[in-house]
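Take the sequence shown: its letter number 6 is residue 12 in the working numbering, and every next letter is one higher. Heads up, the beta-carbon is just placed ideally off N, CA and C, and yes, glycines get one too.
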Amino acid sequence: MSLLSALRTMVHRKIVLPGVTFYYRRLYGMDLGEDVRISLGARLDKTHPRGIHIGDCTAITSGAAILTHDFVNREHREVYIGRNCFIGYGAIVLPGVRIGDSVIVTGNSVVGRDVPSNCVVMGNPARVVENNIVTGPWGIRLDKGNAQPIKR
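See below:
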C-alpha cells in the first residue's frame, strides 16, 4: 500500500466515518451502535429518523436506502438492523423490517420482510439464499475465503 493510499484510508476511518455517524446520531437522533460505517452515498430516511436502529459494527454502503415511512398509507414504522451486518450497494430496506445479526444483504436487493440472523439475502423481493453464515465486523465473512482477524 502506498503512503498516499494509507493516508487516504486513515483520513476516511478517523474523520469521514465518525463525521457521518455523528451527523445521523446528533442531528437526526438515529439509534446507531458502536463502530457503524455509513457511506456518504447511503440514504437514511429523515422523515422518521428516530425509527432507524442499527446495531454495532454494521456497514451501510453507498446507494443503499433505509426507509421508515410509507407515504401511501401515511404511516411511520421502525427499522431494526442487527450487529455485524452488511447492506450492499443499492439495497432497499422497507419500513417495518427487522434484520437479524450477521446478515448480508446483497446489492440491489429489496428487503420487505423480516430477515433471520446468520444468513445471506438477495433479490427483489429479498430471499434467504444461504443460512448459518458467520460474519465479523461490518458483515465480513469469516466462514469463507481468507478469514483473518479484523483490524479496527
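Classify residue i as helix, strand or coil using the three-state DSSP reduction.
i	result
Ala97	coil
Arg147	strand
Arg133	strand
Arg80	coil
Leu9	helix
Val121	strand
Roughly how far, in whole angstroms, is the beta-carbon of residue i from the beta-carbon of residue j, given that I think they are within contact range, below 8 Å?
i	j	result
Asp120	Val99	Asp120 to Val99, Cβ: 11 Å. No contact.
Ile110	Val126	5 Å
Ser68	Ser45	4 Å
Arg43	Ala65	4 Å
Tyr30	Leu38	6 Å
What residues are listed by DSSP as bridge partners for residue i?
i	result
Thr141	Arg147
His59	Asp37 and Tyr86
Val127	Val111 and Val134
Val116	Ile98
Phe92	Ala65 and Ile110
Leu50	Ile72
Arg104	Tyr86
Arg43	Ala65
Beta-carbon within less than 8 Å of residue i's beta-carbon, same chain only, minus the 5 sequence neighbours each way: which residues are those?
i	result
Glu40	Asp62 and Cys63
Lys52	Tyr34
Asn114	Gly94, Tyr95, Gly96, Ala97 and Asn130
Leu73	Asp51, Val85, Ile98, Val99, Leu100 and Pro101
Glu2	With the chain running from 7 to 158 in the structure shown, residue 2 is simply not present.
What does a CB cutoff of less than 7 Å around residue i pick up in its chain, not counting 5 residues either side in sequence?
i	result
Phe77	none
Leu148	Val140, Thr141 and Gly142
Pro55	Tyr34, Gly35 and Met36
Ser123	Gly88, Gly106, Asp107, Ser108 and Val109
Met128	Thr112, Ser115 and Val135
Val26	Ile44 and Leu46
If you drop the 5 nearest sequence neighbours on each side, which residues of the same chain put their C-beta closer than 6 Å to that of residue i?
i	result
Ala70	Ala48, Ile93 and Ala97
Gly118	Leu100 and Pro131
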